[in-house]
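Q:
Residue numbers (UniProt numbering), protein chains in the order written: chain U, 1 to 477; chain G, 1 to 477.
Next comes the structure, spelled out in structure tokens:
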């Protein structure tokens with residue numbers, strides 16, 4: 001039986017202008033976490049959010065995190081912890097978002113002032129943070145307000161965790177989440193994060209997986225200082241010669257990782273999983289549009305999506321210590337560091353991946369017969385995450401999408417990582433759902449970032465409807 | 001019959017302090033050609049040299065070259081053209097040197113002020129330009145003065161060509177030399193350039209060859225902009241993957257060039273040539289000292305010197321467009337340019353080398369089965385040069401070294417290039433000799449540049465003695 005959502009939906013439509021006004025106020029605060037001088041604005045934005053939540057009747061706490069690591073002259077912006085509703089007969093949903101934004105300079109090529117929300121005749125609302133992540137965060141507040149004004153009982157208890165450092169490393173967040181897992185977050189029955197994007201421009205998606213990332217440095221060193229290639233070329237082992245040789249052995253042109261043991265760790269595709277791919281609204285043309293080229297490896301949609309989401313990949317990012325400027329320099333670099341990373345997927349274990357990488361590099365280095373020193377080290381790793389798309393949390397979101405948008409959502413993964421997803425899962429032990437509001441065309445992190453009015457307003461309905469279906473869903477876990 | 005050199009030698013010793021004073025005055029003029037604000041000092045240095053030459057009785061012309069290409073707000077410093085002596089019964093020797101210097105900042109780590117000649121108790125004379133190339137240039141002036149004061153007839157007619165832009169691309173020099181080949185330089189019987197260094201710290205050398213250099217850019221481009229490796233890793237052909245694969249095929253760890261056709265162009269080692277190597281004062285330890293490592297490829301001195309001088313080499317200098325900073329960045333660079341160069345030797349022809357390189361890259365690129373675009377272009381080339389060390393010009397210098405230093409000079413080549421050498425040969429059609437004054441320990445271009453008093457004073461004797469042996473030598477060409 002579908003919940004009675006019409007009064008709530010109507011109220012959202014009626015309040016649309018007020019919700020856009022709320023977003024306009026939020027965008028006007030340039031809460032750029034990366035820039036020292038903007039820190040007061042980040043804190044101001046946290047306080048704005050707290051005031052709005054309080055006005056809606058939530059209990060709010062600004063959790064201070066002390067000084068920033070690495071920039072100790074700066075206070076970290078507070079994490080906004082809020083609770084709306086405390087009814088033991090209702091489910092409790094924990095939602096996460098962030099209120100800081102990427103830097104934005106008009107001279108980078110913005111068509112409008114990045115901190116003035118500007119709505120064009122196609123309903124595109126331009127402004128830094130519109131889609132990433134102020135729109136989605138305010139979506140939760142809008143949903144509360146619309147329930148109140150429509151006189152509809154809020155279907156769940158809502159816990160909010162909104163941070164102000166997401167665009168600059170989420171300093172302090174992981175520790176707080178782990179610590180509050182059994183405290184402030186202890187009642188949570190499930191988690192919902194709205195901080196990613198639809199796969200395309202039109203159809204909503206639910207995201208149930210993320211790849212991890214193991215990042216490596218491969219250092220080759222020999223001479224004590226850079227040498228002149230005229231004087232020493234031909235008589236010393238050159239670190240760059242060794243490095244390109246080793247890097248060339250890691251992956252082939254078709255994206256196949258050549259390091260023994262890596263592909264063997266990958267979980268096989270199940271029949272259930274296979275069925276998720278054909279309905280997805282995506283094509284090779286979509287891929288080529290987003291890369292601005294025809295450099296796709298695979299011709300099929302399914303294999304391409306699997307390549308992005310559920311198979312590992314290896315990218316070579318660059319070389320530190322070599323000549324990297326335009327022009328010509330006849331140098332033999334003395335010490336070069338190749339950077340490469342492996343995107344990891346179930347069931348790859350980071351330690352095991354690193355063992356395979358190092359063994360392979362060591363074996364290949366021996367074959368080189370060079371007198372240079374070669375060392376491969378793990379710079380950092382982040383684990384992959386995958387949830388069951390059959391969990392009631394995902395089922396509730398699926399029904400909400402069907403109700404609001406009249407279509408089945410794409411079931412997607414992301415090729416990149418959102419580390420906090422895994423932290424919430426570990427800290428609460430509950431299912432985590434990624435429920436995006438924005439679309440693939442929103443240009444998050446880029447110039448002319450925008451959120452479509454449709455995505456914001458229907459998205460607010462989606463968040464509210466999701467909570468109703470959560471309340472309506474029999475918990476079978 | 002050896003010329004009577006004793007009165008000249010004695011006079012050089014007597015004038016040693018005056019010669020050091022002359023060098024002190026020259027070093028005090030910071031004639032840095034690379035820096036805009038130093039340009040008046042470069043011009044001042046040219047005028048200083050012209051005045052000294054005039055005072056010695058030379059006919060001097062300051063040849064203006066107009067505006068600098070690329071820095072059109074600057075006048076080029078003049079080329080100092082001078083003639084000392086005009087006796088048709090004497091041979092005429094054309095000498096080249098330069099009066100500009102590399103930049104030098106005390107804060108770079110100089111132990112003394114770079115523009116105050118400072119002589120320590122070991123007779124090391126520290127100062128920018130002491131060895132490169134003010135000492136050698138003044139050596140010619142000193143030789144003239146010592147002949148005059150000793151009352152010894154100057155053995156040849158001397159033509160001087162001293163430029164002020166050598167450290168910044170020799171703007172305007174090549175055109176002037178080519179133009180004056182049959183005019184101001186038309187009487188020249190041979191050319192002598194004193195602007196390089198002994199192979200080691202102790203034994204003088206004569207240099208009869210230089211390698212050339214063909215510098216290539218290998219560009220791989222695909223996506224229209226840099227991509228996120230999480231989102232696109234595994235589904236697009238990555239330019240870096242293609243580039244490292246191609247670069248890895250160019251040269252092996254033992255320095256062997258793998259491009260078909262290149263090694264086949266190299267002139268075989270003759271028996272005459274082979275005999276030049278064993279007497280040379282050099283060892284693998286010397287190589288390892290200068291690289292600060294034990295990265296030598298070959299164990300034998302002869303093979304090492306041949307590797308530096310008479311075999312081609314291929315060095316990979318770096319990659320433009322990829323991630324080159326410290327740290328980690330998960331980027332798929334959209335366009336990367338690998339830089340590599342081949343040091344060329346007789347009988348390699350530049351066009352033929354480029355043809356081999358491009359054919360090979362094209363063939364290997366096809367094998368990659370990539371959709372990226374791959375292009376290899378020649379950035380610049382400079383031809384190798386080799387002279388006959390049996391020419392009377394070299395024989396005269398050999399006898400001068402034996403007379404002044406009591407030993408046979410090392411017969412060397414340089415692995416790097418001094419393009420003007422070839423220009424003088426082509427413009428005059430005469431033999432060119434490189435007759436260095438400084439030693440391998442002089443730190444030209446580096447901090448704490450110096451010239452040893454021994455090298456300066458005995459070097460002045462060497463230049464004078466060389467001219468006497470030139471006069472004394474039967475011309476057999």
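For every residue, glycine included, the Cβ atom is placed at its ideal position computed from N, Cα and C.
Can you tell me which of 67/U, 403/U, 299/U and 419/U puts its alpha carbon nearest to the alpha carbon of residue 212/U?
A: Within the first chain, the letter at position 212 stands for residue 212/U. Residue 419/U is the option with its Cα nearest to residue 212/U.
Q: Which bits of chain G does residue 320/U rub up against, with CB to CB less than 7 angstroms?
A: Here residue 320/U refers to the residue found at position 320 when the first chain is read from its first residue. By Cβ distance, chain G contributes 324, 325 and 326.
Q: Between the stretch 334-345 of chain G and chain U, which residues of the former have CB atoms less than 7 angstroms from a CB of the latter, in chain order?
A: Here the close residues are 339, 341 and 343.
Q: Relative to the C-alpha of residue 437/U, which residue among 195/U, 32/U and 394/U is closest?
A: To locate residue 437/U, count along the first chain from 1; it is residue 437. The shortest Cα separation from residue 437/U among 195/U, 32/U and 394/U belongs to 195/U.
Q: Mind pulling the chain G residues with CB within less than 7 angstroms of residue 297/U?
A: For the purposes of this step, residue 297/U is taken as residue 297 along the first chain, with counting starting at 1. The answer, in chain order, is 235, 236 and 237.
Q: Taking Cβ-Cβ distances shorter than 9 angstroms, what residues in chain U pair up with residue 241/G?
A: For the purposes of this step, residue 241/G is taken as the residue at position 241 of the second chain. 247, 248, 250, 251, 252, 253, 255, 314, 315 and 316, listed in chain order.
Q: Leaving aside the five residues before and after residue 246/U along the sequence, list all residues of the same chain whose C-beta is less than 8 angstroms from its C-beta, in chain order.
A: Looking up residue 246/U in the first chain gives position 246. Closer than 8 angstroms at Cβ, skipping near neighbours: 218, 220, 338, 361, 364, 365, 368 and 374.
Q: Using the DSSP secondary-structure output, state which residues sit across from residue 450/U in a beta bridge.
A: By one-based count along the first chain, residue 450/U stands at place 450. Residue 450/U pairs with 126/U.
Q: Do you know whose CA, among 223/G, 121/G and 460/G, lies nearest residue 288/U's CA?
A: As a working mapping, residue 288/U is identified with position 288 in the first chain. Of the listed residues, the one whose Cα sits closest to residue 288/U is 223/G.
Q: Interface residues of chain U around residue 446/G at Cβ under 8 angstroms?
A: Locating residue 446/G in the second chain gives position 446, where the first residue counts as 1. Going along chain U, no residue has its Cβ under 8 angstroms from residue 446/G, so there is no contact; the nearest lies around 10 angstroms.
Q: Find the nearest neighbour of residue 9/U within the set 61/U, 148/U, 29/U and 336/U, judged by alpha-carbon distance.
A: As a first step, residue 9/U is located in the first chain; it is residue number 9 there, counting from the start. Nearest option by C-alpha distance: 148/U.
Q: Identify the continuous alpha helix (DSSP H) that holds residue 139/U and give its terminal residues.
A: Mapped onto the first chain, residue 139/U falls at position 139. 135-150 is the span of the alpha helix (DSSP H), which, as asked, contains residue 139/U.
Q: Rounded to whole angstroms, what's the CA-CA distance from residue 405/G to residue 120/G? Just pull it up for me.
A: Reading the second chain from its first residue, position 405 is the one you call residue 405/G. Reading the second chain from its first residue, position 120 is the one you call residue 120/G. Answer to the nearest angstrom: the Cα atoms are 23 angstroms apart.
Q: Between which two residues does the alpha helix (DSSP H) carrying residue 473/U extend?
A: Position 473 of the first chain holds residue 473/U. Unbroken run through residue 473/U: none, as it is neither H nor E.
Q: Looking at chain U, which residues of the stretch 160-185 of chain G have a Cβ within less than 9 angstroms of any of its Cβ atoms?
A: Under the 9 angstroms Cβ criterion, the stretch 160-185 of chain G contributes no residue.
Q: Using beta-carbon positions only, say whether residue 423/G and residue 174/G come within less than 8 angstroms of one another.
A: Position 423 of the second chain, counted from the first residue, corresponds to residue 423/G. Position 174 of the second chain, counted from the first residue, corresponds to residue 174/G. Taking 8 angstroms as the Cβ cut-off, residue 423/G and residue 174/G qualify as a contacting pair.
Q: Alpha carbon to alpha carbon, how far is residue 75/U from residue 127/U? Give it in angstroms, no decimals.
A: Taking the first chain and counting its residues from 1, the one referred to as residue 127/U is at position 127. Taking the first chain and counting its residues from 1, the one referred to as residue 75/U is at position 75. Taking the straight line joining both Cα atoms gives about 26 angstroms.
Q: So the candidates are 319/G, 417/G and 71/G; which of them puts its Cα closest to the Cα of residue 386/G?
A: Locating residue 386/G in the second chain gives position 386, where the first residue counts as 1. Selected option, being the one with the closest Cα: 417/G.
Q: Quick one: grab the DSSP three-state call for residue 460/U.
A: Residue 460/U sits at position 460 when you count from the first residue of the first chain. Of the three classes helix, strand and coil, the one that applies to residue 460/U here is helix, per DSSP.
Q: Beta-carbon separation of residue 325/U and residue 320/G under 8 angstroms?
A: Numbered from its first residue, the first chain carries residue 325/U at position 325. Numbered from its first residue, the second chain carries residue 320/G at position 320. Taking 8 angstroms as the Cβ cut-off, residue 325/U and residue 320/G qualify as a contacting pair.
Q: Nearest to residue 350/U by CA position, among 442/U, 382/U, 327/U and 335/U, is which residue?
A: Position 350 of the first chain, counting from 1, holds the residue named residue 350/U. The candidate whose alpha carbon is nearest that of residue 350/U is 382/U.
Q: Going by alpha carbons, who is nearest to residue 431/G out of 137/G, 93/G and 291/G?
A: In the second chain, the residue the question calls residue 431/G occupies position 431. Here the closest residue by C-alpha is 93/G.
Q: Once DSSP output is grouped into helix, strand and coil, what is the label at residue 466/G?
A: Sequence index remark: in the second chain, residue 466/G carries index 466 (1-based). If DSSP states are grouped into helix, strand and coil, residue 466/G belongs with the helices.
Q: Please list the terminal residues of the continuous beta strand (DSSP E) segment that includes residue 97/U.
A: For this step, residue 97/U is matched to residue 97 along the first chain. That run of the beta strand (DSSP E) goes 92-98.
Q: Could you tell me which of 249/G, 225/G, 428/G and 389/G sits nearest to residue 184/G, measuring between CA atoms?
A: The sequence position of residue 184/G within the second chain is 184, counting from 1. The residue with the shortest Cα to Cα distance from residue 184/G is 428/G.
Q: Measuring alpha carbon to alpha carbon, tell me which residue in 170/G, 65/G and 108/G is nearest residue 98/G.
A: Reading the second chain from its first residue, position 98 is the one you call residue 98/G. Checked all of 170/G, 65/G and 108/G; the closest Cα to residue 98/G is 170/G.
Q: Mind checking which residues open and close the beta strand (DSSP E) that includes residue 335/G?
A: The count along the second chain starts at 1 and reaches residue 335/G at position 335. Looking at the DSSP string, the run of the beta strand (DSSP E) that includes residue 335/G is 335-344.
Q: Residue 471/G and residue 5/G look like a contact to me (Cβ under 8 angstroms); what is the Cβ gap, rounded to whole Å?
A: Reading the second chain from its first residue, position 471 is the one you call residue 471/G. Reading the second chain from its first residue, position 5 is the one you call residue 5/G. Not quite, the Cβ-Cβ distance comes to about 12 angstroms (not below 8 angstroms), so this is no contact.
Q: Ignoring anything shorter than 3 residues, give me the beta strand (DSSP E) runs that lie fully in the stretch 357-388 of chain G, in order along the chain.
A: Taking only runs of at least 3 residues, the beta strand (DSSP E) segments lying wholly in the stretch 357-388 of chain G are 373-382.
Q: What are the start and end residues of the beta strand (DSSP E) that includes residue 157/U?
A: Numbered from its first residue, the first chain carries residue 157/U at position 157. Unbroken beta strand (DSSP E) run through residue 157/U: 157-163.
Q: Please list, in chain order, all residues of the same chain as residue 44/G whose beta carbon is under 8 angstroms from its beta carbon, the five residues on each side excluded.
A: To locate residue 44/G, count along the second chain from 1; it is residue 44. For residue 44/G, where only same-chain residues beyond five positions count, the Cβ hits under 8 angstroms are 29 and 31.
Q: Check residue 479/U in the structure and name its three-state DSSP category.
A: Outside the displayed range of chain U (1 to 477) lies residue 479/U, so it cannot be described from this structure.
Q: For residue 451/U versus residue 207/U, is the C-beta spacing smaller than 8 angstroms?
A: In the first chain, the residue the question calls residue 451/U occupies position 451. In the first chain, the residue the question calls residue 207/U occupies position 207. Contact flag unset, no.
Q: What residue from 343/G, 318/G, 397/G and 65/G has the CA that sits closest to residue 257/G's CA?
A: Taking the first residue of the second chain as 1, we reach residue 257/G at position 257. Out of 343/G, 318/G, 397/G and 65/G, 343/G has the C-alpha closest to the C-alpha of residue 257/G.
Q: Could you give the DSSP three-state label for residue 231/G: helix, strand or coil?
A: Position 231 of the second chain, counted from the start, is the residue given in the question as residue 231/G. Residue 231/G falls in the helix class under three-state DSSP.
Q: Could you name the residues that DSSP lists as bridge partners for residue 320/U?
A: Residue numbering aside, residue 320/U sits at position 320 when the first chain is read from its first letter. Per DSSP, 337/U.
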